[in-house]
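The block underneath contains the structure these notes are about, expressed in structure tokens.
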Ligand code: HEM
């Protein structure tokens, strides 16, 4: 349940929250989906369509950066690990690596609290270390379901934005992050959904 279900649910909930707070990005995703599926029923979205949603993909990645569903992973060192400053992590030590901390490190991500999907444009991604963005962890025991998870999130966001406008509920205080095994929000994430005009 943890691996395949709660992670994707957390990723989608925070993605909707971020799109609800940035109507201009939400609208750009909607237009991308509508142009791609013009003349077709949204229910007919195909696997091949999913590679043709570049801006939506950038929004998903930026949301996974800002609100990574899995906030940390642990690994036991199977050999001594020399660090750049000369210190050594000895073999046998278990390290906790913060995905959340990496994604909010201002040396890697200027203004880390800002939701800016353009960080993931091809130009802006050039030269960035792959280790600076690790929502699915890295190395031989990384997430086996990451392609499936990305596909699932694209389909859900495409179908949702084709039918609804998402808004934040300004009557409620901003959510506080609650990192458990999965990144949740205290008291949940509450959004307002308005049916798009002309959509049944
Ligand atoms: C947004 C969605 C997801 C996120 C952020 C995510 C994240 C992660 C992370 C960080 C790990 C490494 C855990 C560790 O090293 O201790 C992991 C492992 C794993 N994930 Fe995902 N995951 C997601 C969706 C999925 C889905 C949809 C599936 C299955 C269909 C899945 C299956 C797995 C499995 C089986 C492992 C263990 C791999 C191993 O130990 O070799 N995950 N995931």
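Numbering (the numbering used here), first residue to last: 17 to 216. The beta carbon of each residue, even a glycine, is placed where N, CA and C say it ideally should be.
Looking at the backbone, the Cα of residue 167 and that of residue 212 are separated by about 24 angstroms. Taking C-beta atoms as the reference points, residue 189 and residue 87 fail to come closer than 7 angstroms. Looking at the backbone, the Cα of residue 172 and that of residue 105 are separated by about 42 angstroms. Just so you know, the alpha carbons of residue 157 and residue 214 end up roughly 46 angstroms apart. In this structure, the C-beta of residue 153 approaches the ligand HEM to less than 6 angstroms from one of its heavy atoms. Closer than 6 angstroms to some heavy atom of the ligand HEM: that does not describe the Cβ of residue 111. Sequence-distant Cβ neighbours of residue 120 in its own chain, meaning closer than 7 angstroms and more than five residues away, are 128. Boundaries of the beta strand (DSSP E) around residue 209: 207-211. For residue 103, no alpha helix (DSSP H) segment is defined, and its DSSP state is neither H nor E.
Residue 165 has its Cβ nearer than 6 angstroms to a heavy atom of the ligand HEM. Counted as a single uninterrupted DSSP element, the beta strand (DSSP E) harbouring residue 181 occupies residues 180-184. Sorting 180, 207, 96 by C-alpha distance to the C-alpha of residue 50 places 180 at the top. Not one heavy atom of the ligand HEM lies closer than 6 angstroms to the C-beta of residue 191. Taking 6 angstroms as the cut-off, one finds no heavy atom of the ligand HEM near enough to the beta carbon of residue 45.
Distances between the C-beta of residue 89 and the heavy atoms of the ligand HEM include at least one below 6 angstroms.
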